[in-house]
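Going by this note's numbering, the sequence shown opens with residue 128, and the numbers climb by one from there.
Notes follow once the structure below has been shown.
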Amino acid sequence: MTAAAFTKNLRSERLVLRPLRPADASRITDLVNDPRVYRMLSGVPAHQNVAQTLAWMSPLDARRAADTAHVFGIESGGELVGVVSGERDRPPLPFSIGYWLVPDCWGRGYMTEAAATLIDWLKQRSERAFIAGYFADNPASGRVLSKLGFLKAGRMPKFCLGRGETVDHFDMARIG
């Protein structure tokens, strides 16, 4: 598959998923600096700055071309409201599905819709196994994953950079 095939927008009923671009860095930084967001993400520090966001974004095109990361901004009404991703160390390992959404959009089904759109696109490319996880104090994320067909596969502590501590975490998996 060509790199161009990895850069198309994906559309759902209410959302557009599109590859991130450098112009998104400031908006992403603002959104992930909300403690309700960064406290639920293992690799995002509290008080992230634009330079850190750009450093995170810089390898995404190369990783997309290598089929190790497909990271999409989630747009609602033309506004970036979150990110959904499928990432893996190397093919043919399963993609780890990750996501976050601006709190103003919580409770609308956006995250389930965005993640389902990404998974459907990955399945069209013959991907069949997916993994994901969530912190135990974020049961809403667990419900999203359950709606997507993920099953609990384990429970173990995981370090959360934004909290600066290890937090109880559930691992989940989906086949098919």
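Positions of the beta carbon are idealized from the N, C-alpha and C atoms, including for glycine.
Since this is a predicted model, take the numbers as computed values, not measurements.
For R145, the secondary structure class from DSSP, reduced to helix, strand or coil, is strand. If you look at R191, you'll find it in the alpha helix (DSSP H) that goes L187 to A192. For E206, the number of other beta carbons within 10 angstroms of its own is below 16, and it is reported as exposed. In the three-state reduction of the DSSP assignment, L207 falls in the strand class. CA-to-CA, the gap between N265 and A259 works out to about 13 Å.
Under the three-pair Cβ rule at 8 Å, the stretch 237–254 does not count as touching the stretch 283–296. Burial check for M167: the Cβ neighbour count within 10 Å reaches 16 or more, so the residue is buried. In the three-state scheme derived from DSSP, where H, G and I count as helix and E and B as strand, G200 is classed as strand.
Three or more beta-carbon pairs separated by less than 8 Å are not found between the stretch 266–278 and the stretch 158–166, which leaves the two stretches without contact. Within 10 angstroms of the beta-carbon of T293 lie fewer than 16 other beta-carbons, which makes it exposed.
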